[in-house]
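Chains as they are written, first to last, in the numbering used here: chain X, -8 to 222; chain Z, -8 to 222.
Just so it is clear, CB atoms sit at the ideal spot from N, CA and C, and this is done for glycine as well.
Protein chains: 2
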Amino acid sequence: MVGFLINSCTLLSKSKKRSWVQYPNLMDKNLKRLATMQRMQVTGLHLFYSKGYYNTSVDDVLKELSLSKGAFYYHFESKEDFFIQIIENLLVRKVYSMLIEPIEGHEHTLDLITGCFEDALETAVHNELDYGFILSNFINEFNGRNEKIMKHLNNILQVWEVNLVSAIQRGKFNGHIDRHVDAEGVAVFLMSAYMGVRTLMVEMTPSARKYRFMSQLRHYFKSLEAKTTMV
Amino acid sequence: MVGFLINSCTLLSKSKKRSWVQYPNLMDKNLKRLATMQRMQVTGLHLFYSKGYYNTSVDDVLKELSLSKGAFYYHFESKEDFFIQIIENLLVRKVYSMLIEPIEGHEHTLDLITGCFEDALETAVHNELDYGFILSNFINEFNGRNEKIMKHLNNILQVWEVNLVSAIQRGKFNGHIDRHVDAEGVAVFLMSAYMGVRTLMVEMTPSARKYRFMSQLRHYFKSLEAKTTMV
DNA sequence: TAAAAAACCGACCATTGGGTCTTTTAAGGA
DNA sequence: TCCTTAAAAGACCCAATGGTCGGTTTTTTA
């Protein structure tokens, strides 16, 4: 939370081309402004995720925060603009910290990915109200309906894909993964499997499905390991 | 088309507890009634799939058919009822004929599934306007928003799962699949992968992704085959 | 062929939702 | 203290939507 604000402030001061550091009160003002926007975005993301974008009205968000239309349209141009900012400010980071950053290490790649999926799915299992993989939910909702938003969502997908591919290539380089393995193919397969299982898990017995899924994933990973295993 | 009508007639005559065969005109009546309902449902499914349920109004469906509100609410109780009938009459059959029936044979199970996925994905690739796996789209849209509809959708999922499991067990029995393989696990993994790749394919380069996915699927399947392969 | 039933029409209603606009409040700065 | 301006309030607008209802047309039945 604090991290977000600091980060955003930095961005803003850059775009305004003068540093607020010189003006003591400007900081407070920006902080207040950003805090309000942040609150709206956090609530917005939560509601959009749980009820869907088209099924959530701006008033729904406002009601939750006891704010008015005026406040909303003072800070955001439109509902669409609001959502795009949510994507850029919150969704990107969420996906990054959950699925990308954890596999950036230099240890055994397949173990990293396994651990990453394990954690991500465990979070979903324990989340009382789980509505599936947030990114794929939105992709489903906007596909063919809003080109602009789809672009933003696909950017996230691409970043994920690129990182998976390079992680796998790293594994091949390190000798943990068989050098004949098609990194792009594995990445697509992994993304598919993850997105799919998250949808499957929204239903009953998510933890059983998680267990079965993970065990098959490990099985699949074994078949990707370098044959001449040392260590 | 004809198949649907005949089938529906059978169901109706059962529920009304008297056979229309004795009353020559009753058949025509039911046929007309059912034909109209069928037209509405087919159009409805198409629109709901492409624009989403909540984002498609009843009027949208009616406009397409030049029918009126009166006609609609004469045949269906509500929009929700309409959709449930669409699920039961069209969606169930669609999933069945695409994903279940093709793997019911007695040949090499993994080949059957491979071919089935291959065909299903190929259809998606060639479909100019593809919006993803229809079943998982609806699951995403209704999850946490409409318990009643979710039940119907999950029924379909379950049928799919059961059939996959028994197909795999058949494969184990026939000696094509390693007897240590966890059939339930494989089923969950396959369903996940399929649902996920369909979402991934809604974006650019669906055919490349299909190719990569299928090749990894084959790779995975190889690791499930019985070690003592004869033939 | 006339009555009855089925199928359908379309005006109407209440509510909602995105967005606008004018007005009020509150917090610096001089 | 006065003035400016950011922030927020909330009444209002208008199109869309699910659903109702009284009436009209078409088909079936007797």
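Do residue j and residue i have their beta-carbon atoms positioned less than 8 angstroms apart in this structure?
i	j	result
L181 of chain X	I125 of chain X	no
G166 of chain Z	Q207 of chain X	no
R200 of chain Z	V193 of chain X	no
E55 of chain Z	T27 of chain Z	no
A158 of chain X	I94 of chain X	yes
I147 of chain X	V86 of chain X	yes
F73 of chain X	I140 of chain X	no
F129 of chain Z	L144 of chain Z	yes
M186 of chain X	G162 of chain Z	no
R131 of chain X	N131 of chain Z	The sequence shown places Asn at residue 131 of chain X, not Arg. Result yes, Cβ atoms of N131 of chain X and N131 of chain Z sit closer than 8 angstroms.
N46 of chain X	Y45 of chain Z	yes
D169 of chain X	K213 of chain X	no
D51 of chain X	L38 of chain X	yes
V116 of chain Z	P197 of chain Z	yes
M205 of chain X	E98 of chain X	no
Measure the beta-carbon distance from residue i to residue j and round it to whole angstroms, keeping in mind my assumption that it falls under 8 angstroms.
i	j	result
K60 of chain X	L53 of chain X	7 angstroms
G123 of chain Z	R189 of chain Z	5 angstroms
L234 of chain Z	Q149 of chain Z	Given that chain Z is displayed from residue -8 to residue 222, the structure contains no residue 234 of chain Z and the question cannot be resolved.
W151 of chain X	L215 of chain X	W151 of chain X to L215 of chain X, Cβ: 19 angstroms. No contact.
What's the call for residue i, buried or exposed, on a 16-neighbour Cβ count within 10 Å?
i	result
D121 of chain X	buried
T100 of chain Z	buried
G96 of chain X	exposed
E119 of chain X	exposed
M195 of chain X	exposed
E68 of chain Z	exposed
V172 of chain Z	buried
F164 of chain Z	exposed
S127 of chain X	buried
E138 of chain Z	exposed
E71 of chain Z	exposed
Y65 of chain X	exposed
R203 of chain Z	buried
I77 of chain X	buried
R209 of chain Z	exposed
So that I know if they touch, is there some Cβ in chain X lying closer than 8 angstroms to that of residue i?
i	result
Y14 of chain Z	The pLDDT assigned to Y14 of chain Z is 39, lower than 50, so where the model puts this residue is not dependable, and the model offers no usable value.
E132 of chain Z	yes
D72 of chain Z	no
F212 of chain Z	no
R209 of chain Z	no
F108 of chain Z	no
L191 of chain Z	yes
F63 of chain Z	no
F39 of chain Z	no
D173 of chain Z	yes
G35 of chain Z	no
L112 of chain Z	no
R200 of chain Z	yes
L17 of chain Z	For L17 of chain Z, the predicted model reports a pLDDT of 46, less than 50, meaning its position is unreliable and no value from the coordinates is stated.
V83 of chain Z	no
L120 of chain Z	yes
R170 of chain Z	no
V188 of chain Z	yes
F204 of chain Z	yes
Consider the C-beta atom of residue i and the heavy atoms of the ligand PLP; say whether any pair is separated by less than 7 angstroms.
i	result
Y87 of chain X	As presented, the structure is devoid of all ligands, the ligand PLP included, so that no description of it is given.
Could you tell me whether any Cβ in chain Z is nearer than 8 angstroms to the Cβ of residue i?
i	result
E216 of chain X	no
T196 of chain X	no
S127 of chain X	yes
M89 of chain X	no
L155 of chain X	no
V52 of chain X	no
V177 of chain X	yes
N146 of chain X	no
N137 of chain X	no
G123 of chain X	yes
S69 of chain X	no
A158 of chain X	no
S183 of chain X	yes
Open item on the list: I'd like the ranges of any beta strand (DSSP E) spanning at least 3 consecutive residues and lying wholly in the region 112 to 170 of chain Z.
Closed with: The qualifying runs do not exist here; there are none.
- [ ] Scan the region 37 to 117 of chain Z and note each continuous beta strand (DSSP E) run of 3 residues or more that stays entirely inside, going in chain order.
- [x] none
Task: Uninterrupted beta strand (DSSP E) stretches inside the region 169 to 211 of chain Z (no shorter than 3 residues) - done: none
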